[in-house]
Structures are given as structure tokens and as C-alpha cells.
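Reviewing the structure listed below.
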Amino acid sequence: MRTMSNDLIIETQELTKSYGPHVALDKLSIQIQRGSTGLLGPNGAGKSTFFKTILGLIQATSGEGSVLGHDIRTEGLAIRSQIGYMPEYDALDDNMDAIHQVRYSGELLGMNPVVAMSRAHTAMEYVGLGELRYRPISSFSTGMKQATKLACSIIHDPQLIIADEPSNGLDAHARQAMLTTLSNMVNAGNRSVLMASHLMEDVEQVCSNIVLLHKGKLAAQGRIEDLKAIDREIEIHVWGMASELEIALGKEGLEVRREGRMMRIRHDGDKTTHRILKCAAETGAQIRRMHEYEASLEDLFLVIMERFGYGVKSSEDLLASPIEARKVDAPESMGGSGA
Ligand SMILES: Nc1ncnc2c1ncn2[C@@H]1O[C@H](COP(=O)(O)OP(=O)(O)OP(=O)(O)O)[C@@H](O)[C@H]1O
Ligand SMILES: [Mg+2]
5 MRTMSNDLII
15 ETQELTKSYG
25 PHVALDKLSI
35 QIQRGSTGLL
45 GPNGAGKSTF
55 FKTILGLIQA
65 TSGEGSVLGH
75 DIRTEGLAIR
85 SQIGYMPEYD
95 ALDDNMDAIH
105 QVRYSGELLG
115 MNPVVAMSRA
125 HTAMEYVGLG
135 ELRYRPISSF
145 STGMKQATKL
155 ACSIIHDPQL
165 IIADEPSNGL
175 DAHARQAMLT
185 TLSNMVNAGN
195 RSVLMASHLM
205 EDVEQVCSNI
215 VLLHKGKLAA
225 QGRIEDLKAI
235 DREIEIHVWG
245 MASELEIALG
255 KEGLEVRREG
265 RMMRIRHDGD
275 KTTHRILKCA
285 AETGAQIRRM
295 HEYEASLEDL
305 FLVIMERFGY
315 GVKSSEDLLA
325 SPIEARKVDA
335 PESMGGSGA
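If you read the sequence shown in my numbering, its first letter stands for residue 5, the second for the next number, and so on.
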């Protein structure tokens, strides 16, 4: 079990970033606590822009924010020296051996070469590249490169790791290795991880919290468990008096979806089960089966998007990363690439 803590490590108020006329981040007020958080959203949602803005790599257009207590507008350097940032683009030098690349990232943070080298060995071990550390990066697969980028970002043993699409382009095996390493950082290492992804499964595997962005706007944030409760239902199978029960449940203020003898009742607080049973007793309906029906993060995403007012058909449409989606969001002339 993860320990609950209320410390905010990242906080923004009405954070806005425009690229010319294009609003990439639209008044985002976000709170991120210690632990593991997934930043989810389709291509062009603003995930990478959010990271670059809170790291002080690009200037916010308006609004405020802090990371580990430092102002994102004025203390970018302090922020970047205390967190580990794994960017989405390939930031590696093909001509270097992996170990020297990782050491170099330590030196950039001001470590002396001896300390940086010793830390580089530890970091390479941690990401599972111990054996391969003396090989040139040019010989690496995408998975090895991603792992090397992660090693670079943890060279100074930061409390918070910010990873932009860490599993992007990886095969199943490398992807699993990456997700396991990130999970270990949170669970065994007691570090915080904030990772951007457009893959629901990746986020569910590593994170207990999510921030959901859509077209630069905040669609949802919170504990995955709590958000799932938005869409929790209780399923019952009824024998006799089904219509009477349906009416009684409605009068009780519960929302019912009925298909013959099967009904799904929207969860409405701790007493929901009790209220259902009371209605059944009053109407003489027999409940043969009763169980909780919990939405997947995927279902939840659809529900949120539906309420948010976008005609989304499936999360595939939204999250799969169609090239077209990006083109709609920003013309190429505006540099709509991001990834
Ligand atoms: N330097 C830039 N100049 C102009 N527009 C940009 C720039 N960088 C990003 N954008 C636009 O801002 C929006 C947000 O981009 P961003 O890269 O933050 O999205 P993202 O959620 O990281 O997407 P992806 O899943 O593709 O990585 C997009 O519409 C993008 O085209
Ligand atoms: Mg991105």
C-alpha cells in the first residue's frame, strides 16, 4: 500500500500558454501530490507544453505555478536541479557511450566528474542497462535509448521524476521494463513520478492519480480510485416486481438503468446498497444477485469526455494518436509537432 500524503509538489493557478494565437494551455489550475500521477490526453492536448512550462523551459503567457515550492516563472533553474526530466524527444548524443552520456548529464547539473561517474553506474544499473553501459548509443534500440534517457534524468537522485511519454515507441518487452522501473521508483524508492502518456494502460499500471487534459483544458484530476467512483454502479438481478422496484428506486432518488430483470443503479454514497434493499423489501421484489460494477479508467474517460461536451466515440479515437488530430489542432506552419 502507498502511503497517503497531502503535500502538494506541483501547483498551478490559471496557467496559460499560447503559441501565437494558439492556446496550448488554457487556465489550468492543477494540484499534484506526492506519489504517482499520470498526465493523460490525446495528441496536442498540451502535455509536453505543461511540462516545459512548469520546468521553466518556456515562459507561461499568464497564470502562476510552483514545483517543490519554487516559482515556475523565476526559479526554473532550482526546479530543474531538483527534479529529473525525461523529455519526449531524443536528447542523446549518438557518438557517446551510454555511461558517458549519463555522466555528462550529471556534470551539467554541477556534479564533479568522479561523483557523476559513480552515480552514472548506479543509474544505469537501476534502469537495467548495467551490462550495456559501455556501448555506443548509436547501437541502442529505442527501448535502450529510452532507458538511457531515464538514467540521465535520475543521475542526481531526484525526489520527483517527470517523464514525457516514457514508453513511446517501445516494444512490449521494453515497455514493460520501463513501466516496472517507474513503478519501483514510486513504490520501493518512495519517489514521485509524473508521467505523460496517451495510453490508459500505462498510466493505470504506474499511477494512482491522474490529470486529464483535452485541448489545453483540464478535464479531470484526482485519485483514479475516486474518479472511478463517479461511474460506479451496482448491478442487481431481480425476480418479480421488477417494474415496481424500478419505480420505488426512482422515488428513492436513485438513477436506474434497466434491461429486463437486470438493473444497474448509480452508486450514490455509502448507503446505496442499503437503500436498494429497502426498496426491494417494500415492493416485494426479490434480488437474486447484487454486485458492484466498476468502470475501467477507459470507461471513465468516455464518461468524463461525454460530460465535458465532446462527441467522443471511443477513447481509441481520442487517444490513439492519429496524425490527423494533431493537424486539426495546429497547422504545420505553427509548428504543430510536439512529439
Ligand atoms: N513550439 C510550438 N509552436 C506552436 N505550437 C506548438 C508548439 N509546441 C506545441 N504546439 C501546439 O500546442 C499544442 C499542445 O502541444 P503539446 O506538444 O504540448 O501536446 P502533447 O499533449 O504533448 O501532444 P503529444 O501527445 O503529441 O506529445 C498542440 O496543438 C501543438 O501543435
Ligand atoms: Mg507531447
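Beta carbons are placed, not taken as given, at the ideal position from N, Cα and C, and that holds for glycine.
Under the three-pair Cβ rule at 8 Å, the region 38-50 does not count as touching the region 64-84. Around residue 259, the same chain offers 270 as residues with beta carbons nearer than 6 Å, after the five sequence neighbours per side are excluded.
Inter-segment contact for the region 30-46 and the region 220-227 is present: three or more beta-carbon pairs are separated by less than 8 Å. DSSP places residue 130 inside the alpha helix (DSSP H), whose first and last residues are 117-130. In this structure, residue 238 lies away from residue 304, with their beta-carbon atoms at least 8 Å apart.
Linking residue 44 to residue 287 through their CA atoms gives a straight-line distance of about 45 Å. Uninterrupted alpha helix (DSSP H) stretches at least 4 residues long and entirely within the region 38-93 occur at 51-58, 80-86, given in chain order. Taking one beta carbon from each stretch, the region 77-85 and the region 117-136 have fewer than 3 pairs nearer than 8 Å; the two do not touch. Judged by the Cβ position, residue 151 fails to qualify as a neighbour of ligand 1 at the 7 Å threshold, every heavy atom of the ligand being at least this far. If you draw a 10 Å sphere on the C-beta of residue 60, you find 16 or more other C-beta atoms in it, and that means buried. Here DSSP, grouped into helix, strand and coil, assigns residue 232 to helix. Excluding the 5 residues flanking it on each side, residue 136 has same chain C-beta neighbours closer than 7 Å at 102, 148, in chain order. In this structure, residue 174 lies near residue 146, with their beta-carbon atoms less than 8 Å apart. The beta carbon of residue 18 sits closer than 8 Å to those of 31, 32, 33, 66, 67, 68, all from its chain and outside the five residues before and after it, given in chain order. Under the three-state reduction of DSSP, residue 34 is assigned to coil, being neither helix nor strand. Collapsing the DSSP output to three states places residue 206 in a helix. CA-to-CA, the gap between residue 108 and residue 120 works out to about 7 Å. According to the DSSP secondary-structure assignment, residue 260 is paired through a beta bridge with 269.
Between residue 301 and residue 228, the gap from beta carbon to beta carbon is short of 8 Å. By the Cβ-count criterion, residue 169 is buried, with 16 or more other Cβ atoms from all chains shown falling within 10 Å of its own Cβ.
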